[in-house]
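Peer 1: Quick one: structure below, then a few questions.
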Amino acid sequence: MALATFSEALDFAISREKEAVAFYRDLQRIAKFASQKELMGEFEDMERGHVTLLEGVKSNQEPARLSTSIPSDLHLDDFLVSSPPTEDMTYQDILITAIKRERKSAALYTGLKADTDDRTLIDVFSRLIVEEENHKDYFQKLYDRDIQSAN
Amino acid sequence: MTQMPDREKFPVHTGGVENFDLESGRYMKVWQGPQHPGVTGNMALELVTSGDEIVDLKTHVGYLHRGFEKLMERRKWIQNFPLVCRICVPEPDFNEYLYAAATEELAGIEIPERAVWIRTLNLEMARLTSFLMWLGGQAGAFGMGTIGQWTVTMRDFMLDLFEELTGGRIYHMYIVPGGVRGDVPQGWFSHVLTTLKNVEKVLDDIELVLFNNAVFKKRAVGLGVITPDMVDYYGITGPNARASGVARDIRKDRSYLIYDKLDFDIITGISIGVDSDIFGRTRLRAAEMRQSISLIRQMIDKMPEGPVHVSPPNVLHWKIPAGETYLSAECTRGEYGYYIVSDGSDKPRRVYVRGPSYTHAVALFEHMAPGTNIADTAGLMVSLHTYPPEIER
Amino acid sequence: MVDLKALRAEMDKRYKVIEISEQRTDLAFLECDKIDVPDAVAYLRDHEGYVHLSFITCVDRLEDEQFEIVYMLRNHEKKHDLGVKTKIDRKNPVMDSMHNHWAAVATYQRELREMFGIEFPGSPGVNRPFALESWAGPPPMRRDFDTRKYSEETYFPRPGRETHDPAEHMKKTQYPGRADL
Amino acid sequence: MSIKDIIAPFAVWKRAFEKPWTIKKPIDDRPGADRYRGFHKNDGDTCIGCGTCETICQNAAIDMVPVDGVQGDGGDSGLRPQIDYGRCCWCALCVDICTTGSLTMSNRYVWTDNDPDVYRFIPGYDSKEWDNAETGYSRPEGYSLLKEERVEMPALSVEEGLKSFVEMIKGYSAEQAVKEADRCVECGICVAECPAHMDIPGYIRAVREGNIDEGMRLLYETNPFPASCGRICTHRCEEVCSIGHNGDSVAIRWLKRYIADQVELEDYGKALPRPEENTGKKIAVIGAGPGGLTAAYYLRMLGHDVAVLEARKAGGGMLRYGIPEYRLPYDQLDKDIEYIRGLGVEIRYSINVDAESFKNLEKDYDALFFSTGLSDPYKLGIDGEDNPRVFGGLAVLDEVTAGKDPKLGKTVGVIGGGNVAMDAARTARRYGAEVTVLYRRRVVDMPADIEEIEEAAEEGITIIPQAIPLRVEDAADGKVGFVWNMAEMVDDPDGGRPRPQPIKGEIHTFVCDSLISAVGQGTNLPYLPEESESGVAVKRYKPVVDERGQTGNPGIFAGGDIVNSRKDAVSAIGDGHAAALSIDRFLMKKEA
């Protein structure tokens with residue numbers, strides 16, 4: 000897949016975030032407990048926020064609104080394994096899923112960045128990678144604090 | 000802003016009893032003091048004179064009453080430690096030692112050996128310092144103020160040593176229940192030895208100009224004689240008793256602290272060949288100053304190493320088993336003592352402080368003054384070495 | 000060294016000794032009946048070598064409604080101190096004067112009258128104030144005289160002083176939500 | 000009288016030619032001695048505002064006052080000493096007793112001013128020229144007015160301890176307890192740190208004065224689990240103890256235990272108050288752990304009827320199923336629970352509450368308190384975790400509680416650094432296994448109590464820190480292999496815990512008979528209805544409550560591990576107590 004322009008690249012990114020919104024929304028339908036739904040709802044809202052951010056970047060042609068600083072990685076995603084969503088998903092399951100999703104996105108943009116020579120696009124993809132890394136870091140921190148409290 | 004008490008609350012004093020017919024024109028009443036009857040604190044002498052001869056003397060204290068004994072009943076054992084030194088300003092250390100030692104005795108605390116040595120050293124330095132102040136006062140009382148300046152200077156150098164050791168010049172607050180507050184600072188012993196040399200030099204000068212002094216001899220020889228038979232009846236202790244030839248010195252008689260490990264003899268009027276008058280007592284005290292210097296040197300020589308403090312139980316809750324004790328020590332004026340009663344609580348039940356001036360300044364002085372010249376009153380009083388703050392506490 | 004048993008035996012022959020107890024080898028306390036004290040002290044002075052009077056003082060045994068008067072005697076020969084104690088009624092505090100025993104006794108008695116309100120009939124000048132000229136309050140060394148209360152009523156505190164208890168302060172500032180439960 | 004007596008006095012004249020001794024102050028400076036007790040200094044960062052200086056000051060010269068910019072938390076009262084130099088006598092007892100050593104004195108002694116009020120100042124905060132003076136009095140080495148060493152607690156030797164599940168700690172004798180209690184300065188700094196805000200200085204005073212009944216009464220004012228807490232409390236109080244700054248902190252936990260140990264259950268009633276007159280209100284409590292039973296106790300004391308619903312067969316929650324017997328013998332836990340039950344609290348066991356019954360309880364009772372704890376262990380979340388040789392830490396402890404041998408084999412690896420990990424490791428050790436604990440961070444980062452870590456080490460348990468779990472795989476002879484990556488610690492730029500980062504190539508395999516995973520616990524709150532139905536909001540798996548445990552529904556309260564961040568027994572007890580009082584206020588329409 001080759002994306003030719005800045006707008007195309009952002010449209011793609013926006014569509015992925017929208018897909019994430021849908022993912023968490025769908026997840027809430029299968030969830031069994033109020034506590035699960037609450038967390039999924041929170042993540043859904045967060046993804047919706049990302050959509051808004053990217054749409055803003057696109058309409059104002061302002062990639063600089065995206066952060067460029069890569070967080071120091073906890074590398075939890077290197078060894079955590081996610082399982083398919085179920086109605087009994089725990090806090091831990093949901094977080095692992097979220098971490099893995101963000102990792103996948105970052106990997107996707109890394110591939111796209113390698114595929115293009117356009118400097119504007121390289122810049123956009125770099126920033127999107129950072130953005131996804133940041134999201135991943137956010138989830139990893141939650142995981143480290145709430146799930147790995149004793150490890 | 001400090002508020003003054005409401006004077007309306009106090010009744011007007013309505014006088015004592017007059018034994019002399021002042022209307023007759025034969026007598027005159029003179030108040031000497033309360034400011035400076037000597038140099039050692041506020042005390043008033045109510046004199047009845049006939050011509051320049053004293054016919055009656057009443058000692059009035061009350062200008063320095065701070066109620067320490069009462070205050071101590073309302074404070075925890077440790078909290079009295081900063082109070083006691085104030086009972087006798089020129090010689091605070093005896094109060095600190097006796098309070099601490101009596102407390103330790105009642106509480107059953109043994110203190111480390113080095114602390115005992117440092118305490119003894121401290122007391123001898125206090126004796127020397129106090130004698131210096133007294134010697135200036137004695138000379139001053141007979142008009143020889145120069146000597147007072149010399150001794151006060153030397154006393155200040157002694158106070159420098161106390162400051163270096165204890166952190167305070169006058170109120171040392173150093174001998175604390177459990178030992179002493181801190182070990183001797185580096186180099187302090189050599190400072191002590193240097194100062195002792197200076198003191199000795201000044202002492203040489205003083206002995207030259209005071210003991211070979213026509214004026215002093217004229218006035219002091221034969222004045223204020225204490226005879227040995229007066230000693231027990233008037234409760235005379237210390238140099239006042241020793242000058243009359245009575246060999247009593249608690250340092251020898253009871254060998255508290257480490258005095259039994261030190262080489263010294265009781266100095267009496269007989270042993271140094273002086274009479275029991277003001278001149279003789281002055282010489283005897285000068286000899287005791289040299290004795291203290293010798294004791295300090297001995298102690299610096301032999302001072303053992305080791306810890307200087309054992310901590311009592313948490314001082315905030317420190318309760319001392321019920322009991323009572325009386326401890327005394329030989330201060331410059333004689334028998335200084337603490338009688339402490341514990342009822343088992345965290346505060347003393349009773350602390351009674353026995354200062355030697357109590358008997359010397361009242362019963363003895365009132366007895367000795369009549370018949371002397373009014374000009375000699377100050378000299379006579381100083382020769383009994385009275386410190387008013389320890390009388391009324 | 001003093002043989003306390005022997006001393007007690009001698010005293011028992013003459014006076015009613017209530018108790019004799021040793022605090023140190025050089026210090027003992029001997030409790031007598033009030034009525035015996037002047038004679039006992041004179042006996043100790045004249046026959047047992049206790050020639051020196053260190054002090055006379057009083058311990059207020061408020062709870063027992065008694066004053067305990069202590070005469071501290073010293074035997075120079077035997078290097079021994081002996082505290083002769085006696086208890087008197089706190090409500091009617093009168094003690095026989097011993098001003099003839101030693102010169103300083105009158106002074107001690109004067110002070111005891113002033114500080115504890117103990118009467119010593121016949122003691123010279125006993126009613127003259129000692130350290131407390133113009134004092135109008137109760138005898139101040141009595142334990143029921145509250146110095147703090149007296150000073151609070153008589154003097155004004157220095158304004159502007161206020162303190163906080165750490166635990167109470169922390170309650171208000173660090174967990175106010177649960178503090179008032 | 001000789002001629003010499005006339006001549007000699009003239010010798011004084013020679014002094015006229017000597018240098019004077021006097022110093023021209025202030026032209027010549029004359030500094031105080033090195034240990035001069037001059038004007039006070041206070042190091043504000045070290046000072047914790049414990050007020051012991053004020054307590055010892057016999058002149059009443061010191062006030063403890065709040066200071067701008069000093070927030071005060073975690074063992075700092077936020078107060079600082081203000082000294083009135085109109086009263087101070089420079090005895091330095093305040094310096095001697097200062098628990099942190101923050102208070103010292105400079106060697107400065109000259110300060111003149113027209114305004115007498117300036118002599119009342121806050122050292123270290125009201126800037127003074129001697130603030131940085133290098134010399135002056137400070138507490139000398141080897142001299143102390145407080146006892147800095149804790150009375151040693153008699154305990155079984157390691158060898159004896161490993162032989163059985165008999166309680167390791169024997170408890171203080173009366174003499175030891177009084178001696179330890181004597182060390183307390185009663186500053187009260189600990190009270191704020193204790194999640195239950197127990198009157199610690201009060202009950203320590205009771206021990207010191209030998210008044211056990213008073214001690215019991217004070218314990219039960221805020222904590223109905225003294226026998227248990229006296230053994231296993233995480234004792235945050237001791238971490239902030241003012242005595243701990245220059246010595247060992249007071250053994251607050253052991254003193255609490257001492258009090259509870261002195262009284263037989265039958266005699267509790269003699270020391271403790273009886274419940275108030277019946278109010279006719281009914282409250283249901285879900286979960287018979289420390290949080291639930293605490294709420295039940297205080298509600299009962301206030302005269303309410305309380306029913307406690309518990310899913311397990313016995314009460315105590317984690318105290319029973321998560322803590323091994325050698326730390327907390329069951330009879331001691333039962334003693335605490337029995338007393339509460341004996342007051343008329345009804346405990347129904349083996350009752351599982353689901354969303355439906357939750358809604359019914361809300362209808363049937365006047366108020367509801369739930370404190371169900373974190374019972375579901377989190378997974379390692381790594382490959383191969385479903386290996387049959389991998390066990391959960393809680394599951395192992397649970398089995399042991401039920402009296403079963405967990406059959407862990409000769410070598411055991413424990414993953415995790417919390418108390419569950421330590422308890423599981425030490426339990427495995429008692430079944431004769433060689434035990435190794437693998438933890439992702441450093442030993443200092445371990446959330447387990449320091450005593451647990453130390454005792455585990457004493458019992459011969461090896462700890463491998465900085466081991467990041469990678470995967471679990473089968474190993475030869477039916478063993479299991481735990482693959483881990485050595486980590487280096489990197490500071491968190493946001494100030495959080497240092498982050499373990501894998502070191503490339505440093506991959507190791509630990510082979511053992513059984514692997515115990517104890518990395519943390521959570522819950523799904525399966526019984527909790529949607530917020531729209533119950534009024535109880537949830538945020539990241541925690542019911543949303545105010546400081547007193549009240550949820551969005553004014554009649555429903557929650558507490559314990561599911562709510563607070565400390566997740567220990569005493570926090571649950573604190574929550575239970577606060578919720579009980581707050582429920583009472585709600586039910587009885589009491590004004591705040």
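Chains as they are written, first to last, in numbering that gives the first Met the number 0: chain A, 0 to 150; chain B, 0 to 392; chain C, 0 to 180; chain D, 0 to 591. Beta carbons are placed, not taken as given, at the ideal position from N, Cα and C, and that holds for glycine. None of these values were measured; they are calculated from a predicted model.
1. Taking only three categories from DSSP, how would you classify W30 (chain B)?
2. Which one of C:V1, C:V83, C:A105 has the shortest CA to CA distance from Y14 (chain C)?
3. At 7 angstroms on the CB atoms, spell out the chain A contacts of P528 (chain D), in chain order.
4. Using a Cβ-Cβ cut-off of 7 angstroms, state whether T358 (chain B) counts as contacting chain C.
5. Taking CB distances under 7 angstroms as the criterion, tell me whether E132 (chain A) reaches chain D.
6. Can at least three beta-carbon pairs, one atom from the segment 7-25 of chain C and one from the segment 50-61 of chain C, be found at a separation below 8 angstroms?
7. Looking at the structure shown, is E21 (chain C) part of a helix, part of a strand, or coil, going by DSSP?
8. By a C-beta neighbour count over all protein chains shown, 10 Å radius and 16 as the cutoff for buried, is R113 (chain B) buried or exposed?
9. Report buried or exposed for F155 (chain C), applying the criterion of at least 16 other Cβ atoms within 10 angstroms of its Cβ.
10. Quick check on the burial criterion: 16 or more other C-beta atoms within 10 angstroms. Buried or exposed for F481 (chain D)?
11. Could you check what DSSP says for F115 (chain C) in three-state terms: helix, strand or coil?
12. When the cut-off is 7 angstroms and only beta carbons count, does G391 (chain D) lie next to chain A?
13. Hey, does G121 (chain C) have any beta-carbon neighbour from chain D nearer than 7 angstroms?
14. In chain D, which residues lie with their C-beta within 7 angstroms of the C-beta of E37 (chain A)?
15. Checking the sheet assignment: what are the DSSP bridge partners for W483 (chain D)?
16. So the candidates are A:I128, A:D116, A:Y90; which of them puts its Cα closest to the Cα of D145 (chain A)?
17. Tell me H59 (chain B)'s beta-bridge partners as DSSP assigns them.
18. Comparing alpha-carbon positions, which option in D:Y257, D:C511, D:N418 lies nearest A568 (chain D)?
19. Please state whether DSSP places V230 (chain B) in a helix, a strand or coil.
20. Classify F67 (chain B) as buried or exposed, calling it buried when 16 or more other Cβ atoms lie within 10 Å of its own Cβ.
21. Residues in its own chain within less than 8 angstroms of R392 (chain B) by CB, not counting five upstream and five downstream?
22. Taking T146 (chain C) as the query, report the chain D residues whose CB atoms sit under 7 angstroms from its CB, ordered along the chain.
23. Looking at chain D, is there any beta carbon in it that lies within less than 7 angstroms of the beta carbon of P165 (chain C)?
24. Taking buried to mean at least 16 other C-beta atoms within 10 Å of its own C-beta, is L383 (chain B) buried or exposed?
25. Determine the DSSP secondary structure at V109 (chain D), reduced to helix, strand or coil.
26. If the cut-off is 9 angstroms on Cβ atoms, which residues from the segment 214-229 of chain D count as contacting chain B, listed in chain order?
27. Verify whether the separation of the beta carbon atoms of A394 (chain D) and M421 (chain D) is less than 7 angstroms.
28. Distance check for T146 (chain C) and P347 (chain B), CA to CA, integer angstroms please.
29. How would you write the range of the beta strand (DSSP E) that S53 (chain C) sits in, first residue to last?
30. For the 8 angstroms Cβ check, are there 3 or more pairs between the segment 366-386 of chain B and the segment 285-297 of chain B?
31. Terminal residues of the continuous alpha helix (DSSP H) containing C228 (chain D)?
32. At what residues does the alpha helix (DSSP H) containing E101 (chain A) begin and finish?
33. Counting C-beta neighbours from all protein chains within 10 Å, is the total for W483 (chain D) 16 or more, i.e. buried, or is it exposed?
34. So with Cβ pairs under 7 angstroms, would you call R353 (chain B) a contact of chain C?
35. Any idea which residues DSSP pairs S341 (chain B) with across the strands?
36. By alpha-carbon positions, which one of A:D143, A:E18, A:E131, A:A21 ends up nearest to S68 (chain A)?
Peer 2: In brief:
1. Position 31 of the second sequence, counted from the first residue, corresponds to residue 30 (chain B). Here W30 (chain B) sits in strand by DSSP.
2. As a working mapping, residue 14 (chain C) is identified with position 15 in the third sequence. Closest in C-alpha terms to Y14 (chain C), from the list C:V1, C:V83, C:A105, comes C:V83.
3. Stepping through the fourth sequence from its first residue, residue 528 (chain D) is reached at position 529. Residues of chain A whose Cβ lies closer than 7 angstroms to the Cβ of P528 (chain D) are, in chain order, A33.
4. Indexing the second sequence from 1 puts residue 358 (chain B) at position 359. With 7 angstroms as the cut-off, T358 (chain B) counts as an interface residue toward chain C.
5. Start at 1 with the first residue of the first sequence, and residue 132 (chain A) comes out as number 133. Not closer than 7 angstroms to any Cβ of chain D, the Cβ of E132 (chain A) fails to qualify, so no.
6. The segment 7-25 of chain C vs the segment 50-61 of chain C: no contact.
7. In the third sequence, counting from the first residue as 1, residue 21 (chain C) sits at position 22. In the structure shown, E21 (chain C) sits in a strand (DSSP, three-state: E or B).
8. Position 114 of the second sequence, counting from 1, holds the residue named residue 113 (chain B). Answer is buried; the Cβ neighbour count reaches 16.
9. For the purposes of this step, residue 155 (chain C) is taken as residue 156 along the third sequence, with counting starting at 1. It is exposed - the Cβ of F155 (chain C) has fewer than 16 other Cβ atoms within 10 Å.
10. Along the fourth sequence, one-based indexing puts residue 481 (chain D) at 482. Around the beta carbon of F481 (chain D), 16 or more other beta carbons lie within 10 angstroms, which makes this residue buried.
11. In the third sequence, the residue the question calls residue 115 (chain C) occupies position 116. In this structure, F115 (chain C) counts as helix in the three-state DSSP scheme.
12. By one-based count along the fourth sequence, residue 391 (chain D) stands at place 392. It does not: the Cβ of G391 (chain D) has no partner Cβ on chain A nearer than 7 angstroms.
13. For the purposes of this step, residue 121 (chain C) is identified with residue 122 of the third sequence, where counting begins at 1. Chain D has no Cβ within less than 7 angstroms of the Cβ of G121 (chain C).
14. Walking along the first sequence from the start, residue 37 (chain A) turns up at place 38. Ordered by position in chain D, the residues that pass the 7 angstroms Cβ test against E37 (chain A) are V537, K538.
15. Translated into positions along the fourth sequence, residue 483 (chain D) becomes position 484. Beta-bridge pairing links W483 (chain D) to D:P468, D:H507.
16. Here residue 145 (chain A) corresponds to residue number 146 of the first sequence, with the count starting at 1. The option with the nearest alpha carbon to D145 (chain A) is A:Y90.
17. By one-based count along the second sequence, residue 59 (chain B) stands at place 60. Checking the DSSP bridge columns, you'll see H59 (chain B) partnered with B:A43.
18. The residue labelled residue 568 (chain D) in the question sits at position 569 within the fourth sequence. In terms of Cα proximity to A568 (chain D), the closest of D:Y257, D:C511, D:N418 is D:N418.
19. Start at 1 with the first residue of the second sequence, and residue 230 (chain B) comes out as number 231. The answer is helix: DSSP assigns V230 (chain B) an H, G or I state.
20. Position 68 of the second sequence, counted from the first residue, corresponds to residue 67 (chain B). F67 (chain B) is buried by the Cβ-count criterion.
21. Taking the first residue of the second sequence as position 1, residue 392 (chain B) is located at position 393. Within the same chain, R392 (chain B) has close Cβ partners H64, R65, G66, F67, E68, I86, V352, G354.
22. Working through the third sequence from its first residue, we reach residue 146 (chain C) at position 147. Those within 7 angstroms of T146 (chain C) in chain D number zero; the least Cβ separation is about 13 angstroms.
23. As a position in the third sequence, residue 165 (chain C) is number 166, starting the count at 1. Closer than 7 angstroms to the CB of P165 (chain C) there is at least one CB belonging to chain D.
24. In the second sequence, counting from the first residue as 1, residue 383 (chain B) sits at position 384. Buried, since its Cβ has 16 or more Cβ neighbours within 10 Å.
25. Sequence index remark: in the fourth sequence, residue 109 (chain D) carries index 110 (1-based). V109 (chain D) falls in the coil class under three-state DSSP.
26. So the list is empty, because no residue satisfies the distance condition.
27. Taking the first residue of the fourth sequence as 1, we reach residue 394 (chain D) at position 395. Taking the first residue of the fourth sequence as 1, we reach residue 421 (chain D) at position 422. Not a contact, by the Cβ cut-off of 7 angstroms.
28. For this step, residue 347 (chain B) is matched to residue 348 along the second sequence. For this step, residue 146 (chain C) is matched to residue 147 along the third sequence. The straight-line gap separating the alpha-carbon atoms of P347 (chain B) and T146 (chain C) is approximately 16 angstroms.
29. Here residue 53 (chain C) corresponds to residue number 54 of the third sequence, with the count starting at 1. Start and end: 51-60.
30. The segment 366-386 of chain B, when compared against the segment 285-297 of chain B, does not touch it at the 8 angstroms Cβ threshold.
31. By 1-based counting over the fourth sequence, the position of residue 228 (chain D) is 229. Counting along the chain, the unbroken alpha helix (DSSP H) around C228 (chain D) starts and ends at 225-231.
32. Along the first sequence, read from residue 1 onward, the residue named residue 101 (chain A) stands at position 102. Bounds of the alpha helix (DSSP H) holding E101 (chain A) are 90-114.
33. As a first step, residue 483 (chain D) must be located in the fourth sequence, where it is residue number 484. So W483 (chain D) counts as buried.
34. Looking up residue 353 (chain B) in the second sequence gives position 354. Between R353 (chain B) and chain C, the shortest Cβ-Cβ separation is below 7 angstroms.
35. Counting from one through the second sequence, the residue named residue 341 (chain B) turns up at place 342. Under the DSSP definition of a beta bridge, S341 (chain B) partners with B:G322, B:P347.
36. Your numbering for residue 68 (chain A) matches position 69 in the first sequence. Scanning A:D143, A:E18, A:E131, A:A21 for the CA closest to the CA of S68 (chain A) turns up A:E131.
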